[in-house]
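Protein chains in written order, with the UniProt record's numbering: chain W, 1 to 341; chain D, 1 to 341; chain C, 1 to 341; chain R, 1 to 341; chain Y, 1 to 341; chain L, 1 to 341.
Where a beta carbon is used, it is the ideal one built from N, C-alpha and C, also for glycine.
Protein chains: 6
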Amino acid sequence: MPRLKAAIIGGGNIADKNHIPALKELSEQVEVVAICSRDIHKARALADKHSIALAFDNADEMYRSDSKPDLIINCTANNLHYPFTMRALENNCHVLCEKPPAISSREAREMAELAASKEKVLAYNFQLRQTPEYTLMNKCLASGQLGDIYHIKARFLRRRGIPGWGNFTNKTIQGGGALMDLGVHILDLALGLLDYRMPDKILANTYDFIGKAGGKGLMGSWDASKFEVEDACFAHLSFPNNASIELSTSFALNTKEQKNVNLEVFGTNAGAVLNPFSLYGELAGELTDTEFPYLEEIDIQLQNTKAFLNACNGQESNICTAEQGAILQEIIEKIYQSAEM
Amino acid sequence: MPRLKAAIIGGGNIADKNHIPALKELSEQVEVVAICSRDIHKARALADKHSIALAFDNADEMYRSDSKPDLIINCTANNLHYPFTMRALENNCHVLCEKPPAISSREAREMAELAASKEKVLAYNFQLRQTPEYTLMNKCLASGQLGDIYHIKARFLRRRGIPGWGNFTNKTIQGGGALMDLGVHILDLALGLLDYRMPDKILANTYDFIGKAGGKGLMGSWDASKFEVEDACFAHLSFPNNASIELSTSFALNTKEQKNVNLEVFGTNAGAVLNPFSLYGELAGELTDTEFPYLEEIDIQLQNTKAFLNACNGQESNICTAEQGAILQEIIEKIYQSAEM
Amino acid sequence: MPRLKAAIIGGGNIADKNHIPALKELSEQVEVVAICSRDIHKARALADKHSIALAFDNADEMYRSDSKPDLIINCTANNLHYPFTMRALENNCHVLCEKPPAISSREAREMAELAASKEKVLAYNFQLRQTPEYTLMNKCLASGQLGDIYHIKARFLRRRGIPGWGNFTNKTIQGGGALMDLGVHILDLALGLLDYRMPDKILANTYDFIGKAGGKGLMGSWDASKFEVEDACFAHLSFPNNASIELSTSFALNTKEQKNVNLEVFGTNAGAVLNPFSLYGELAGELTDTEFPYLEEIDIQLQNTKAFLNACNGQESNICTAEQGAILQEIIEKIYQSAEM
Amino acid sequence: MPRLKAAIIGGGNIADKNHIPALKELSEQVEVVAICSRDIHKARALADKHSIALAFDNADEMYRSDSKPDLIINCTANNLHYPFTMRALENNCHVLCEKPPAISSREAREMAELAASKEKVLAYNFQLRQTPEYTLMNKCLASGQLGDIYHIKARFLRRRGIPGWGNFTNKTIQGGGALMDLGVHILDLALGLLDYRMPDKILANTYDFIGKAGGKGLMGSWDASKFEVEDACFAHLSFPNNASIELSTSFALNTKEQKNVNLEVFGTNAGAVLNPFSLYGELAGELTDTEFPYLEEIDIQLQNTKAFLNACNGQESNICTAEQGAILQEIIEKIYQSAEM
Amino acid sequence: MPRLKAAIIGGGNIADKNHIPALKELSEQVEVVAICSRDIHKARALADKHSIALAFDNADEMYRSDSKPDLIINCTANNLHYPFTMRALENNCHVLCEKPPAISSREAREMAELAASKEKVLAYNFQLRQTPEYTLMNKCLASGQLGDIYHIKARFLRRRGIPGWGNFTNKTIQGGGALMDLGVHILDLALGLLDYRMPDKILANTYDFIGKAGGKGLMGSWDASKFEVEDACFAHLSFPNNASIELSTSFALNTKEQKNVNLEVFGTNAGAVLNPFSLYGELAGELTDTEFPYLEEIDIQLQNTKAFLNACNGQESNICTAEQGAILQEIIEKIYQSAEM
Amino acid sequence: MPRLKAAIIGGGNIADKNHIPALKELSEQVEVVAICSRDIHKARALADKHSIALAFDNADEMYRSDSKPDLIINCTANNLHYPFTMRALENNCHVLCEKPPAISSREAREMAELAASKEKVLAYNFQLRQTPEYTLMNKCLASGQLGDIYHIKARFLRRRGIPGWGNFTNKTIQGGGALMDLGVHILDLALGLLDYRMPDKILANTYDFIGKAGGKGLMGSWDASKFEVEDACFAHLSFPNNASIELSTSFALNTKEQKNVNLEVFGTNAGAVLNPFSLYGELAGELTDTEFPYLEEIDIQLQNTKAFLNACNGQESNICTAEQGAILQEIIEKIYQSAEM
């Protein structure tokens with residue numbers, strides 16, 4: 001199988017620390033040929049640091065170059081996911097786009113449609129799918145240990161975790177707050193356990209009290225006067241088959257833990273908790289609590305990049321697909337709509 | 001102040017163990033004059049045990065007797081709350097009725113209206129209102145420690161707590177399952193922190209998988225073939241002022257704890273957890289976790305009976321009122337309706 | 001089924017506190033008609049206390065009386081198990097004999113042979129067989145959870161638990177020390193998991209250093225000058241199918257825990273620990289630790305007496321049989337022989 | 001004292017990471033002059049890495065060279081311990097040989113005899129002898145704190161620790177499995193506390209169920225189809241003075257801990273546990289538990305190499321001697337013989 | 001030895017619950033012949049309850065009666081210890097007086113002098129001397145384990161333990177606050193470890209902020225307006241041999257623990273903590289922490305009453321003597337004087 | 001503001017690891033121009049390591065040079081604090097002097113007077129003032145959370161922490177032992193909470209038993225034969241306003257913890273503990289325990305150096321002033337005097 005040519009769009013931290021190292025590790029399958037950033041100096045510095053041949057500040061120029069990539073890693077800001085992904089697909093590139101898929105349902109749907117018509121892989125970088133705990137959860141579901149899952153509590157809560165850097169509080173750029181940045185991860189995991197169906201009923205509330213009031217931050221200080229997004233979101237999703245998800249996510253909330261990321265999954269045969277992975281079931285007529293004390297840590301970005309390359313190569317993959325991304329984005333939009341009513 | 005004359009209707013455990021001892025303890029304010037049960041032998045045995053003068057198997061006979069009571073403790077089955085309470089009010093008695101208020105919203109509303117027109121106290125026995133933790137929660141709310149409460153997670157979960165006795169799985173008698181028996185308690189507490197407003201939007205799901213499948217019980221064994229009610233209920237309530245409640249209740253659920261009864265309360269100034277009572281706020285520019293290690297246990301039934309007598313005597317009282325009971329019953333009905341849609 | 005008539009031989013604590021209450025609880029199946037003790041005053045006092053009709057100080061007299069019993073509970077000292085059990089069998093009584101079966105292999109073998117020829121039930125009171133943990137261990141073995149068991153570590157250790165009363169340090173009466181009194185229990189459990197086979201090789205060591213030196217006791221003080229038995233015994237048993245048991249038992253040993261009673265069971269599919277019951281296996285390709293947090297306590301003497309009555313009535317029973325007792329006693333004897341070589 | 005000249009035979013990990021760094025640290029007493037490995041490239045690479053002058057792929061050539069060593073560190077595979085050690089002794093070198101001494105009792109005995117006749121030091125690298133805990137155990141024994149030791153439980157257990165590299169499952173090369181690789185360490189420590197006497201009775205069982213079945217590994221994956229050695233061994237050793245050792249060792253066993261390496265030592269005055277070091281005794285008429293919270297970690301290989309050099313220089317040393325190695329190897333052989341009977 | 005005749009003076013709780021039951025338990029040595037209280041009804045009720053023959057409301061009458069006691073238990077209020085003890089001694093009775101000895105140094109000194117001249121036993125009821133922990137501390141001191149003690153930290157602290165009953169806040173009756181009621185106990189223990197010497201230098205501070213401010217009580221509510229004594233006292237005592245004691249005692253202090261009663265003892269060989277008893281020393285060249293996990297609880301009042309009777313019978317006794325009581329009272333007085341300067 | 005020129009006097013560890021890195025970090029405000037040490041080689045090596053231009057072995061030469069410094073960091077031995085600080089002030093330099101201020105009260109007083117007359121900043125490097133815990137303690141005091149502080153327990157205890165290097169046991173150089181080296185830190189913090197008043201009464205004891213006896217060290221080994229200072233000091237300080245401090249400090253003491261550095265602060269409204277910072281108060285009529293789980297670690301030397309530069313620049317600063325240093329030294333002297341009486 002010939003090596004695929006990859007290009008990075010967006011020169012931020014996530015390109016530098018996550019995507020490029022993962023691609024480099026997979027050098028038998030993929031070669032990073034170019035990096036493209038609005039700021040050509042940034043692009044060049046990053047290219048030098050990682051020994052990448054080309055740097056661009058204009059993606060179209062890159063597509064026209066001799067080193068036209070086969071696949072794009074889209075690491076731009078949320079509101080640029082759509083234009084850069086569309087352009088890449090138009091240029092017949094596979095795309096691994098950072099999460100969330102887009103900032104509107106319409107965008108994500110169009111992106112999925114173009115990918116389909118172009119017969120290119122469009123995928124989203126929900127790397128938490130690759131944790132050993134989530135892999136084990138899926139195995140337990142597949143083997144019938146859990147029975148049918150009918151309720152999930154999904155949480156991604158921070159006590160005072162409004163980032164003091166980047167654009168996390170800017171609604172135009174981010175498209176939203178805690179839900180768009182954090183909740184989206186855990187919602188993706190929960191949906192994955194329910195065949196990624198579309199809920200038929202959603203009720204949600206969003207808040208911004210702490211974000212607008214300001215105070216002590218645990219991820220740097222934020223500017224309360226520029227806080228435009230929700231700092232907390234609580235939603236109930238009900239599915240056509242009567243399954244349900246309770247989603248709770250926050251940048252800031254007066255709760256004990258600094259960070260609380262978890263799924264509680266309730267099935268007809270057993271329940272499970274994601275972190276640390278535990279099963280609550282029955283055996284020999286008695287109730288059981290089962291722990292898995294020896295799960296091994298893995299590099300989840302590396303695994304997710306592998307999964308994307310597998311998809312590009314037509315192999316089995318658990319990557320978040322363009323279609324899943326479109327469903328997810330539609331749910332997010334409906335959560336915001338419910339909260340605004 | 002002359003002593004009030006009390007009569008008990010219903011000769012079960014809750015009369016014997018909770019209400020009569022509490023009334024006896026308050027003998028300066030109240031005298032138990034009669035006990036009334038469908039089964040006259042049961043009534044008489046209970047009367048003898050507690051040195052109560054009269055035993056009846058017909059309430060109307062009691063109302064016509066010389067010892068006509070001033071107040072009734074209604075300890076009958078859920079579906080008899082309505083007829084016996086209505087009859088007591090018609091006979092100009094105050095009523096302390098066991099929870100839930102009734103088995104339909106219409107019943108609870110009529111009960112409240114009759115009490116109002118008769119100018120009698122109708123109250124419900126939600127004794128968890130009297131725990132030192134809930135009292136402290138209310139004090140912290142009143143003093144501004146919490147700021148405005150905007151979200152509450154309310155839980156009354158049992159892992160395998162379908163009672164193996166009584167009528168807990170019979171829908172006709174009970175009116176419902178976990179929500180009607182357990183969730184109602186914690187929902188009452190949550191509503192009490194939000195001025196007992198009516199939510200304008202409700203989305204809920206109910207389940208009966210474990211109840212119908214049977215298995216190991218931790219409160220005796222139940223007959224899975226006669227399981228007619230929900231074993232779990234999850235609901236999201238959204239209020240006109242954008243506050244929200246997430247309610248989770250179960251008789252049976254594949255979760256770790258045998259029993260998990262709690263409120264997590266999120267306010268603009270601080271958050272609080274009910275059990276054990278804890279505050280999560282800020283002080284001197286730093287985040288604080290505050291515990292209250294010396295709360296004293298109290299006899300909550302005694303306190304609730306006192307609160308009822310205070311209401312009868314026209315004094316301040318934190319008892320659950322007829323109006324609150326009507327609101328609560330309406331919410332329960334809407335939760336069931338949402339789940340059935 | 002007519003009620004069986006039971007008589008107690010031996011008027012000590014274990015009759016008073018364990019056997020008579022259990023029999024009384026099972027009064028639908030059995031009636032205690034007499035109690036027999038060397039000391040007629042003791043016999044009479046016990047009979048009065050428990051409302052038993054007859055008291056004897058001579059067993060033969062009892063067998064000749066009108067109230068001849070159907071079954072005997074033999075609660076005499078270890079060295080009297082043999083004569084009183086033989087006499088009871090000769091008188092066509094079933095016998096539930098206290099542990100250990102006897103003080104020599106020959107005795108236990110003769111007792112089993114006589115019971116067989118008389119077609120009477122002879123059983124031994126190893127009540128630890130009835131703990132919920134051992135029941136669960138057997139279920140897990142039967143269901144294949146454990147696979148084949150190939151090694152067991154069996155422990156009944158006390159740090160300073162030489163009883164300061166009774167005859168526990170008298171070799172003539174007891175037949176031995178820690179092994180005869182404590183180890184016998186846990187060895188019975190271990191053998192029960194290995195089809196109660198006879199080991200073909202045994203190597204053991206016994207000690208009496210602390211017993212003879214004296215010192216601080218945690219179960220009263222003992223007289224070091226009269227200490228005639230082993231205070232500790234360590235044995236390795238190897239079975240024809242290559243399974244093995246490591247047995248450790250002590251009255252006194254310089255170890256941390258005051259009391260340590262446990263089985264560690266190693267099977268081809270999983271391992272298990274008896275107290276608290278835990279499984280160590282594999283699930284979904286990962287190693288698991290499973291706890292059973294809700295085992296209910298039960299009255300193990302009551303269960304064992306039931307099991308004996310079941311056997312007497314020809315029903316299925318997990319009581320320690322006469323044949324098992326004979327095997328057990330032979331193993332004990334071989335352990336002592338190995339230690340003396 | 002002139003510096004000794006050392007040569008390493010065997011170019012594996014243990015030479016690279018343990019022995020050479022220890023020798024380098026002791027450069028005032030010893031100089032590493034050569035490294036010898038079957039693979040000359042490996043030898044040279046290692047020599048370069050550690051600035052060692054000479055590299056050989058033939059030991060005899062080394063002995064003939066100008067830089068003939070005074071001492072040899074034998075880091076070859078188990079089945080090469082014998083030939084390379086014999087050849088070194090014949091060339092009048094002291095030898096520090098990796099553990100186990102050899103793969104048969106006969107080999108270890110011959111090695112000891114040649115060393116004696118050549119008046120050279122032959123020692124084995126049981127570096128656990130140098131842990132602060134074992135040093136302290138010996139001090140407590142010497143000072144009488146423990147009294148006489150009469151029973152030792154010695155454990156070196158892994159739950160799933162069959163190494164996924166090297167030759168650990170190859171019987172021809174290794175001579176055995178868990179006992180030869182792991183148990184030998186803890187047995188050496190136990191024997192050291194009992195004057196390194198020879199037991200007069202041994203009973204043992206060995207198993208290979210998990211090793212042959214395969215499954216999840218915690219030290220890489222192993223090839224179940226090539227598993228030729230025991231995965232677990234349980235042995236009871238009885239000594240002429242009635243002391244006893246219970247030895248348990250495993251590569252794979254269904255037990256809770258991933259790794260459990262310990263000695264429980266029972267003496268007439270007190271008991272002790274090795275890890276963490278604790279004493280269980282009596283003081284002022286009361287039972288005591290004593291901890292030693294401030295033991296300092298040390299470099300145990302460095303200490304063991306020092307001990308070897310002390311022996312070479314005729315100074316006092318606690319290194320495992322050739323004679324001890326021969327006893328140890330004979331015990332191992334008898335354990336295997338007992339298990340095979 | 002003939003039985004001693006005892007009389008109780010003072011009809012409060014401590015007579016009823018502590019002293020009379022202890023004397024009754026020791027009925028082979030002592031007979032309670034009379035009880036004397038200001039309130040004759042109280043005296044008679046107590047006498048009836050405990051089957052004591054005589055009740056008086058006038059001690060002199062009792063001394064003149066036929067049943068003249070041999071010994072007196074003085075359970076009166078602090079300010080009555082002196083007159084009733086003096087009168088008892090004048091009547092040739094031994095006296096066991098409740099703590100503190102008196103409310104002034106002069107009183108305690110006179111009491112000791114009269115006891116000496118009358119050759120009667122005067123003792124004080126410091127029953128904490130009889131705890132197994134303090135007994136063990138003394139044994140460790142006597143055996144040299146501790147070496148010479150040079151510093152003691154003595155604490156009897158309560159967070160909010162101002163009793164809501166009795167006269168604990170009345171200076172005239174009690175003579176002082178936390179020091180007089182609580183600190184006196186632990187100071188007695190500390191002095192007992194230093195040969196009950198008299199310190200030559202004392203520096204102290206006392207406070208009453210919380211007592212006078214009022215607030216939440218954990219031993220009932222107190223009347224802040226009548227709080228006349230110290231709520232906390234901190235003192236440093238320096239002895240002629242350079243030993244020192246740091247004494248801290250409080251009825252109310254803003255500290256974590258509800259109650260903290262302890263001694264930290266620093267000796268030249270080892271340190272010790274009283275509760276739970278622990279030793280911090282050296283063994284085999286390493287630092288040790290030693291616990292005593294099996295100390296048995298005992299009835300300390302019974303032991304102290306025994307100790308008093310032993311003293312009356314001229315036997316060895318560890319009771320607090322009249323001379324020790326005089327020293328203790330003098331120290332207390334000097335502490336108060338230092339705090340007032 | 002022009003950059004200040006700094007010079008270091010004393011070439012030891014504290015210059016190399018603490019002061020120079022802090023100054024380098026603050027290079028916008030300060031430039032290190034020279035380093036001066038008795039040993040010119042040491043001075044030069046340090047200068048080279050940190051890229052400092054000049055090295056001297058004579059301070060006067062430095063003052064005469066072109067690069068005359070504006071400020072001096074005095075890192076000399078305790079007994080040289082006085083001469084080098086006086087000389088620096090005479091040369092019109094600001095001085096940050098290591099702790100303790102000096103070895104006598106007279107020295108520290110003269111230093112303060114000269115600094116005042118020269119209008120130069122003289123400050124002492126008590127860097128524990130900058131911990132987030134102490135900053136928070138001061139905020140809680142300032143905001144009234146604590147009310148008035150009336151008692152402080154101040155501890156800096158080591159179990160076996162006599163340093164095995166430097167001059168810590170040499171009285172001439174150090175001026176004292178644990179108090180001079182360790183206690184001085186925690187005393188400075190305590191005084192800071194009490195407006196740095198002078199106590200009017202002091203009682204203290206000092207000891208040297210362990211130091212002179214020798215034994216196991218946890219900070220290297222010390223030479224018991226050269227131990228000239230106190231290994232432990234206990235003092236009680238009483239202030240004119242009746243506040244009090246209990247100070248305990250040790251190099252060596254038979255206590256559990258290896259190191260115990262803390263303040264317990266008792267105020268009229270609440271108490272506080274420094275490490276980890278906790279508040280014990282009242283809220284809503286209940287007692288509270290408040291933790292601050294998210295305090296961030298900071299570089300305390302950097303903060304203290306900043307505070308010193310602020311003082312030099314006439315800005316607000318919480319540095320230990322010359323006047324405070326003089327008070328502190330006077331207290332230390334009085335503690336030693338009290339102990340010697």
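Asked, Found
"Name, in chain order, the residues that DSSP records as bridge partners for SER238(Y).", "LYS201(Y), SER244(Y)"
"Spell out whether any CB of chain E is found under 8 Å from the CB atom of GLY271(D).", "Of the protein chains in the structure, W, D, C, R, Y and L, none is chain E."
"Using 8 Å as the threshold, is the C-beta distance between VAL184(W) and LEU54(W) below it?", "no"
"Does DSSP put SER221(C) in a helix, in a strand, or in coil?", "coil"
"Have a look at VAL30(C), LEU182(C), LEU80(C), CYS93(C) and flag the residue whose alpha-carbon is nearest the alpha-carbon of ILE173(C).", "LEU80(C)"
"Shortest alpha-carbon distance to LEU309(C) belongs to which of THR85(C), ALA123(C), TYR63(C)?", "ALA123(C)"
"Return the residue from the list THR169(R), PHE234(R), PRO100(R), PRO132(R) that minimises the CA-CA distance to ARG155(R).", "PHE234(R)"
"What do you reckon, are the CB atoms on ILE40(D) and ASP57(D) nearer than 8 Å?", "yes"
"Check the C-beta distance from CYS75(L) over to HIS19(L) and give it rounded, since I have them as a contact under 8 Å.", "6 Å"
"Please report the straight-line C-alpha distance between THR131(Y) and LEU274(Y), rounded to a whole angstrom.", "10 Å"
"Give me whichever residues DSSP pairs with ALA311(D) in a beta bridge.", "The partner list for ALA311(D) (beta bridge, DSSP) is empty, contrary to what the question assumes."
"Beta-carbon separation of ALA232(W) and LEU253(W) under 8 Å?", "yes"
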